[in-house]
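To start, the structure itself, in structure tokens.
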Amino acid sequence: NKAAFDGKSLDDVLKALGSASAEKSASITLNAPDIAENGAVVPVGISTTLPASQLAIIVEKNPNVLAAQFTILEGAQAFVTTRVKMSQSSNVYALVKVDGKWFVTSKEIKVTLGGCGG
Numbered sequence: 006n007k008a009a010f011d012g013k014s015l016d017d018v019l020k021a022l023g024s025a026s027a028e029k030s031a032s033i034t035l036n037a038p039d040i041a042e043n044g045a046v047v048p049v050g051i052s053t054t055l056p057a058s059q060l061a062i063i064v065e066k067n068p069n070v071l072a073a074q075f076t077i078l079e080g081a082q083a084f085v086t087t088r089v090k091m092s093q094s095s096n097v098y099a100l101v102k103v104d105g106k107w108f109v110t111s112k113e114i115k116v117t118l119g120g121c122g123g
């Protein structure tokens, strides 16, 4: 979804993904360090007990906020791990889509060395 990856804010991405908002959920776990020494390789994991069809990672202060999007096959465990680039300290959001509705949780990650510089 090019429009989602071109989004500059959480609202832009949600709109491109077909939703006006996301509901906070305690059923989503966002595994990431509190402090990332190198913003070029920040490990992030999402897991949920919800019957998710999609997962997404948003880094609020990155130039393009949607860092990753995953499709979860029916019956598969909703769990992903990846590494994202972060240009600076930022809130990171884990989005989970269930039956056409998005749910979210977030965490602030402090970055000591940015990874999105040119």
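Residue numbering for the sequence shown follows the working numbering, starting at 6 and increasing by one per position.
Each residue gets a CB set at the ideal place from its N, CA and C atoms; glycine is no exception.
Short of 6 Å from the beta carbon of Ala41, and not among the five residues preceding or following it, lie these beta carbons of its own chain, in chain order: Val47, Ile114, Val116. Contact check for Lys112 against Ala37 passes: the beta carbons are separated by less than 8 Å.
Note that the segment 98-109 touches the segment 12-27; at least 3 beta-carbon pairs, one per stretch, sit closer than 8 Å. Shown here, Leu71 sits in a strand according to DSSP, grouped into three states. Cβ-Cβ distances below 6 Å link Ala61 to Gln74, Leu100 in the same chain, with the five nearest sequence neighbours on each side left out; the list follows chain order. In terms of Cβ geometry, Ala83 and Thr34 do not form a close pair [threshold 8 Å].
As DSSP reads the structure, Ile40 sits in a beta bridge with Lys115. Counting along the chain, Lys13 sits inside no alpha helix (DSSP H), nor does DSSP assign it H or E at all. Inter-residue distance for Glu28 and Thr86 is about 22 Å (C-alpha atoms, whole angstroms). Rounded to the nearest angstrom, the gap between the Cα atoms of Arg88 and Val70 is 14 Å.
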